[in-house]
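In the numbering used here, the protein residues as written are 909 to 988. Idealized CB from N, CA, C, for every residue including glycine. The structure presented is a predicted model; accordingly, all values stated were derived computationally and were not measured. Down below is the structure, laid out as C-alpha coordinates.
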(Lines of atoms letter the chains of each structure in order from A and count residues from 1; the text may use other names and numbers.)
(Lines give C-alpha, C1' and ligand atoms only; values in the text may rest on other atoms or scores of the structure.)
Protein backbone atom coordinates (compact mmCIF):
# COMPACT_ATOMS: atom_id res chain seq x y z
CA UNK A 1 0.00 0.00 0.00
CA UNK A 2 2.83 2.40 0.85
CA UNK A 3 4.47 1.70 -2.51
CA UNK A 4 1.30 2.88 -4.31
CA UNK A 5 1.23 6.11 -2.29
CA UNK A 6 4.85 6.92 -3.10
CA UNK A 7 4.24 6.13 -6.76
CA UNK A 8 1.12 8.32 -6.82
CA UNK A 9 2.95 11.29 -5.23
CA UNK A 10 5.88 10.87 -7.62
CA UNK A 11 3.49 10.84 -10.57
CA UNK A 12 1.81 14.02 -9.33
CA UNK A 13 5.16 15.76 -8.91
CA UNK A 14 6.23 14.80 -12.43
CA UNK A 15 2.93 16.05 -13.85
CA UNK A 16 3.30 19.36 -12.00
CA UNK A 17 6.83 19.77 -13.33
CA UNK A 18 5.68 19.06 -16.88
CA UNK A 19 2.81 21.53 -16.52
CA UNK A 20 5.22 24.19 -15.27
CA UNK A 21 7.55 23.59 -18.20
CA UNK A 22 4.60 23.71 -20.59
CA UNK A 23 3.39 27.04 -19.22
CA UNK A 24 6.89 28.53 -19.40
CA UNK A 25 7.97 27.22 -22.82
CA UNK A 26 4.73 26.70 -24.76
CA UNK A 27 3.82 29.31 -27.37
CA UNK A 28 1.04 31.75 -26.52
CA UNK A 29 -1.08 30.26 -29.32
CA UNK A 30 -1.11 26.98 -27.37
CA UNK A 31 -1.82 28.41 -23.93
CA UNK A 32 1.77 29.08 -22.89
CA UNK A 33 3.49 32.35 -22.12
CA UNK A 34 6.30 32.44 -24.69
CA UNK A 35 6.74 33.71 -28.23
CA UNK A 36 9.38 32.24 -30.51
CA UNK A 37 11.17 34.29 -33.15
CA UNK A 38 13.97 33.41 -35.57
CA UNK A 39 16.39 36.24 -36.33
CA UNK A 40 17.04 37.16 -39.94
CA UNK A 41 19.26 40.23 -39.80
CA UNK A 42 22.68 41.10 -38.44
CA UNK A 43 21.89 44.24 -36.43
CA UNK A 44 22.02 42.38 -33.10
CA UNK A 45 25.46 40.82 -33.63
CA UNK A 46 27.39 39.60 -31.68
CA UNK A 47 24.54 38.95 -29.19
CA UNK A 48 22.29 37.34 -31.79
CA UNK A 49 23.27 36.13 -35.24
CA UNK A 50 21.19 35.16 -38.27
CA UNK A 51 18.85 32.17 -37.67
CA UNK A 52 19.12 32.27 -33.86
CA UNK A 53 15.96 31.21 -32.07
CA UNK A 54 14.77 33.77 -29.53
CA UNK A 55 12.38 32.80 -26.75
CA UNK A 56 10.49 35.97 -25.79
CA UNK A 57 8.20 36.53 -22.79
CA UNK A 58 6.06 39.53 -21.87
CA UNK A 59 7.45 41.55 -18.97
CA UNK A 60 5.73 44.03 -16.65
CA UNK A 61 8.39 46.66 -17.42
CA UNK A 62 11.29 47.16 -19.79
CA UNK A 63 14.64 48.87 -19.27
CA UNK A 64 17.38 50.34 -21.42
CA UNK A 65 19.39 47.49 -22.93
CA UNK A 66 16.52 44.95 -22.93
CA UNK A 67 15.88 43.04 -26.15
CA UNK A 68 12.22 43.28 -27.15
CA UNK A 69 10.04 41.86 -29.90
CA UNK A 70 7.34 44.01 -31.49
CA UNK A 71 5.21 43.91 -34.61
CA UNK A 72 6.26 46.58 -37.11
CA UNK A 73 3.32 48.09 -38.98
CA UNK A 74 5.71 49.38 -41.66
CA UNK A 75 7.40 46.03 -42.32
CA UNK A 76 4.27 44.02 -41.39
CA UNK A 77 6.35 41.49 -39.47
CA UNK A 78 7.87 40.96 -36.02
CA UNK A 79 11.06 42.88 -35.28
CA UNK A 80 13.52 41.90 -32.53
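Member of 910, 928, 950 and 957 whose CA lies at the smallest distance from the CA of residue 942: 928
Could you give the C-beta distance for residue 983 and residue 945, rounded to a whole number, given that I count them as a contact under 8 Å? Contact doesn't hold; Cβ gap of about 13 Å is too wide.
Which of helix, strand or coil DSSP assigns to residue 925: If DSSP states are grouped into helix, strand and coil, residue 925 belongs with the helices.
Can you tell me which of the three DSSP states residue 971 falls into? In the displayed model, residue 971 falls within coil according to three-state DSSP, outside both helix and strand.
DSSP beta-bridge partners for residue 979? Bridge partners of residue 979: 986.
At the level of alpha carbons, what is the spacing between residue 922 and residue 934? 17 Å
Three-state secondary structure assigned by DSSP to residue 958: coil
Can you check the region 932 to 958 for any beta strand (DSSP E) of at least 3 residues that lies completely inside it and give the ranges in chain order? Qualifying beta strand (DSSP E) stretches, in chain order: 942 to 946.
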